[in-house]
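Below: one structure, written as structure tokens.
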Amino acid sequence: MRTITLDERQVMELEQIATDKDAQAALKFIRALIEKAKQDEKHRSCDQSARPF
3 MRTITLDERQ VMELEQIATD KDAQAALKFI RALIEKAKQD EKHRSCDQSA RPF
């Protein structure tokens, strides 16, 4: 299996040009995963900065 890396901008561009409904739904799901990962990362960095040394 091959791994493909897309950034958020690329996903949004693909979402705009996708004509197939399944492809659009898949790209929306991918964008939601990116947003979730960003939120998780933000929470992790806040948790780490709040911890005493």
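Residue numbers (the working numbering): 3 to 55. Beta carbons: idealized from backbone N, C-alpha and C, even for Gly.
In the three-state reduction of the DSSP assignment, residue 14 falls in the helix class.
Contact between the region 5 to 13 and the region 28 to 36 is present, with at least three C-beta pairs closer than 8 angstroms.
DSSP, reduced to helix, strand and coil, places residue 24 within a helical segment of the structure shown. Taking the Cα positions, residue 47 is about 10 angstroms away from residue 41.
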